[in-house]
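Here the structure is laid out as structure tokens; the discussion comes afterwards.
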Amino acid sequence: MGERMIIVGGGVSGLAAGIFAQINGYETAIFEKNNVPGGLCTGWERQGYTVEGCIHWLLGTQPDSAFFRAWKAVGVDLIDAYPFEEFYHLEDGDTRLVWYSNLERLEDELLVHAPEDAVRVKQMLADARTFATLDMPIDQPRDLFGWKEGLQALWSMRSFVRPMRKYQARTVEEYCSRFQNTWLRRLLTRFIPGEYSMLALLATLAALHNGDVGFPKGGALQLAADMATRYEAVGGQLHLGQPVESIVIEADRAVGVKLQDGTTVPADSVVASVDANHLFRHLLADEHTPAGMDRNFRHLDTFTSCQVSFGVNADLRSEPHTLYLRLPQPVNLAGLENKNMNFRHYCYDSDLQPPGKSLVISTIFADYVHWEALAQDSAAYQAAKEQLATITQEQLEKRFPQVSGRVEMVDVATPLTYQRYTNVWHGSYMGWTIGPKEEPVQLPWQHPDLSGLYMVGQWFDSMSGLPGSMLTGRYLIQRLCRREDRPFIVDPGTA
Ligand SMILES: Cc1cc2nc3c(=O)[nH]c(=O)nc-3n(C[C@H](O)[C@H](O)[C@H](O)COP(=O)(O)OP(=O)(O)OC[C@H]3O[C@@H](n4cnc5c(N)ncnc54)[C@H](O)[C@@H]3O)c2cc1C
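Written as structure tokens, this is what we have:
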């Protein structure tokens, strides 16, 4: 019998850990508090629409890419994903700028709008083209590289060293502030926090150019369901609707979990794939919180937003799928002043809305503390949600008059919605926002004081989002296999 491993949480990181643990000889069970797997990778049914609760865009849609292979290994085949030829449109009155995925088209577009920045635009896009030729070495974590693999990686990356040095230490805001053209600055800084490393922007430009960015057919719910199917197909036991109350520690070792219904389930090791704050403040005693954690939670910003979704009895497929709109006047929305609004429709995916209709979603950055205070009074919280929906709908109808009088479904999710659903700190959907100027806050993959307790998920790696979270699950099992001096198996068919 293999080592018994319990995984707390059935989000993408927990499911990935479970899949690879099963394939590599562990006997695992996942305990997930919700009745559907996926955690933040989620969606919900409303009046015939499937509200996409997660994915704006996903990395890994190009069949030759490392991320495509990594998704396939956990049961997610992105061959039918919708590829983004345009990342988004930016509009201000009559002016419109398109972020084309293809770098040649993007260069033409940018030079028309910002000829004064021609030299810098050409240089940035030339460097992005160089990045586009790099096949990211994601198959295993860096700490497992031996000297030979390290040298190979260095050699294959030799032409990237110069652009990497140039961009790594600069924030997006610093770099983009050198562009004279306001439009250009706005286009490049809409989707990525200004304090992020410029490398993130370059990597996105490169991935878009390679056709490696798109939307998976069926959205987040389908992606999570595919991973759960894969997990059960390799023998894993998925227990849904089973919240864990605490992780059982004996003699500085994790020996199982106590469920909220009072049952104790023994194990040889435990993988926490839950939110870091929930883990250290609720599932473990305070004394087991690693040094530095409190500082992170007190000082680092998070990705926190509200989502307003509409079901519209009109077909918007001829409109840009993602639109950033500059508002003539800033509006106070979700506790913050907003100069822009965004709208995404999902008409390209017939699974998400009935024929001839459109699911339209607006994401609005939010102040968690604002919503937390409102929630003390349920009437005030409800009224704030309604006001948010009303203002957003006004802007939607102004920009798309064909929608007027045809909105048949409205749904509002706040940071508290995500927190209630997954226990995630401040409703943050990608962990902390950490740029090159921040102290590194990498959390360990194994608990520093407790043996047999491992940690995966969006708070435990610097590569964020769905691919980064999924890879933490894979990397954990690779590290354990290495520690036990046995080969890591990706596909049971090749074992
Ligand atoms: C609105 C939004 C938009 C996003 N957009 C994108 C995007 O466009 N592209 C992209 O790549 N990523 C995106 N992300 C980020 C991505 O979804 C997350 O980074 C990723 O899903 C995190 O996975 P995880 O496994 O680390 O954590 P989670 O999904 O939080 O998984 C933790 C799991 O543990 C469960 N759990 C918690 N406490 C307990 C307990 N006590 N007992 C049992 N189970 C418990 C939770 O219910 C959850 O299922 C977005 C996320 C959101 C919310």
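Position in the sequence shown counted from 1, then plus 916, gives you our numbering. Don't be surprised by glycine CBs; every beta carbon is placed ideally from N, CA and C.
Given residue i as reference, the closest of the options once Cα atoms are compared
| i | options | result |
| --- | --- | --- |
| Met1073 | Glu1089, Phe1095 and Met1052 | Met1052 |
| Val1247 | Asp1265, Thr1098 and Ala1282 | Ala1282 |
| Arg1398 | Asp1267, Arg1058, Ser981 and Ala945 | Arg1058 |
| Ala937 | Cys970, Glu1148, Leu1243 and Pro1364 | Glu1148 |
| Val1276 | Arg1233, Leu1121, Glu1253 and Tyr1345 | Arg1233 |
| Leu1124 | Trp960, Val1328, Ala1295 and Gln978 | Gln978 |
| Gln1158 | Val1173, Trp1099, Trp1348 and Thr1145 | Val1173 |
| Glu943 | Ile1393, Gly1251 and Thr1105 | Ile1393 |
| Trp1361 | Ser1320, Ala1192 and Gly1409 | Ala1192 |
| Leu972 | Pro999, Ile1165 and Ile1163 | The amino acid at residue 972 is misidentified as Leu; the sequence shows His. Minimum Cα distance to His972 is reached at Pro999. |
| Ala982 | Glu1166, Leu1175 and Gly1127 | Gly1127 |
| Gly1164 | Leu1154, Gly1152, Ala1141 and Leu1195 | Here the sequence assigns Val to residue 1164, which means Gly is not the residue at that position. When only C-alpha atoms are compared, the closest one is Leu1195. |
| Glu1253 | Asp1365, Pro1364, Leu1243 and Leu1154 | Leu1243 |
| Ala997 | Asp1142, Leu1359, Gly1130 and Ala1167 | Gly1130 |
| Ile935 | Val990, Gly1066 and Gln1223 | Val990 |
| Ser1113 | Arg1101, Lys1082 and Ala1122 | Lys1082 |
| Ala1250 | Ala1305, Leu1239 and His1261 | Ala1305 |
| Ser1385 | Ile1054, Asp1024, Ala1042 and His1005 | Ile1054 |
| Ser1017 | Phe984, Thr1098, Trp987 and Leu1117 | Leu1117 |
Endpoints, the beta strand (DSSP E) within which residue i is located
| i | result |
| --- | --- |
| Tyr965 | Tyr965 to Glu968 |
| Gln1362 | Run containing Gln1362: none; DSSP gives neither H nor E here. |
| Tyr1284 | No beta strand (DSSP E) contains Tyr1284, which is instead part of the alpha helix (DSSP H) from Tyr1284 to Leu1290. |
| Lys1255 | Leu1252 to His1261 |
| Val1328 | Val1323 to Ala1329 |
| Thr1205 | Segment: none, Thr1205 is in no beta strand (DSSP E) and carries neither H nor E. |
| Ile971 | Neither: Ile971 is in no beta strand (DSSP E) and is coded neither H nor E. |
| Ser1162 | Val1160 to Glu1166 |
| Tyr1370 | Leu1369 to Met1371 |
| Lys1174 | Arg1169 to Leu1175 |
| Arg962 | Gly959 to Arg962 |
| Pro1008 | The question names Pro, yet the displayed sequence has Asp at residue 1008. Where Asp1008 is concerned, the enclosing beta strand (DSSP E) stretches over Glu1002 to Asp1008. |
Residue interval of the alpha helix (DSSP H) (run including residue i)
| i | result |
| --- | --- |
| Leu1041 | Ala1034 to Ala1048 |
| Cys1222 | Taken as a continuous stretch (DSSP letters only), Cys1222 belongs to no alpha helix (DSSP H), being part of the beta strand (DSSP E) at Ser1221 to Val1228. |
| Val1276 | Looking at the DSSP string, Val1276 is not in any alpha helix (DSSP H); the run it does join, the beta strand (DSSP E), is Ser1274 to Phe1281. |
Residue i CB to nearest heavy atom of ligand 1 below 7 Å
| i | result |
| --- | --- |
| Asn1339 | yes |
| Tyr1264 | no |
| Phe947 | yes |
| Pro1383 | yes |
| Val1088 | no |
| His972 | yes |
| Met1346 | yes |
| Ser929 | yes |
| Val1414 | Outside the shown range of the chain, which is 917 to 1411, sits residue 1414, and nothing can be said about it. |
| Asp1191 | yes |
| Pro1159 | yes |
| Asn950 | yes |
| Val924 | yes |
| Cys1092 | no |
| Tyr1004 | no |
| Tyr1284 | no |
| Leu956 | yes |
| Tyr1391 | no |
| Gln1374 | yes |
| Ser1380 | yes |
Contact check, residue i vs residue j, beta carbons under 8 Å
| i | j | result |
| --- | --- | --- |
| Glu919 | Ser1185 | yes |
| Thr1145 | Glu1111 | no |
| Ala1183 | Met1346 | no |
| Val871 | Phe947 | Absent from the model: residue 871. The displayed extent of the chain is 917 to 1411, so no value can be given. |
| Ser1189 | Ile995 | no |
| Ala933 | Val1319 | no |
| Tyr1297 | Leu1290 | yes |
| Asn1258 | Ser1278 | yes |
| Ala1044 | Leu1103 | no |
| Arg1101 | Phe1107 | no |
| Pro1383 | Gly976 | yes |
| Val1340 | Lys1301 | no |
| Asp1202 | Thr1349 | no |
| His1215 | His1237 | no |
| Phe1213 | Ser1344 | no |
Any non-hydrogen atom of ligand 3 within 7 Å of residue i CB
| i | result |
| --- | --- |
| Cys1222 | You won't find ligand 3 in this model; what it holds is ligand 1. |
Closer than 8 Å is the cut-off here; do at least three beta carbon pairs connect the region 926-934 with the region 1370-1390? They touch, by the three-pair rule.
Segment contact, 8 Å Cβ cut-off, at least three pairs: the region 1133-1145 with the region 940-956: Between the region 1133-1145 and the region 940-956, the count of Cβ pairs shorter than 8 Å is three or higher; the stretches touch.
Does the region 1262-1272 touch the region 1025-1042, meaning 3 or more C-beta pairs lie closer than 8 Å? Output reads no: the region 1262-1272 does not touch the region 1025-1042.
The region 1219-1229 in contact with the region 959-971 per 3-pair CB rule at 8 Å: Taking 8 Å as the limit for Cβ pairs, the verdict is that the region 959-971 does touch the region 1219-1229.
Cβ pair count under 8 Å reaching 3, the region 1065-1083 against the region 1039-1052: Here the region 1065-1083 makes contact with the region 1039-1052; the two share three or more CB pairs at distances below 8 Å.
Looking at C-beta atoms only, is the number of pairs between the region 1161-1175 and the region 1316-1331 that lie closer than 8 Å three or more? In this structure the region 1161-1175 does not touch the region 1316-1331; the number of beta carbon pairs closer than 8 Å is below three.
Counting pairs of beta carbons, one from the region 1329-1338 and one from the region 1200-1214, are three or more of them closer than 8 Å? Result no; under three Cβ-Cβ pairs closer than 8 Å.
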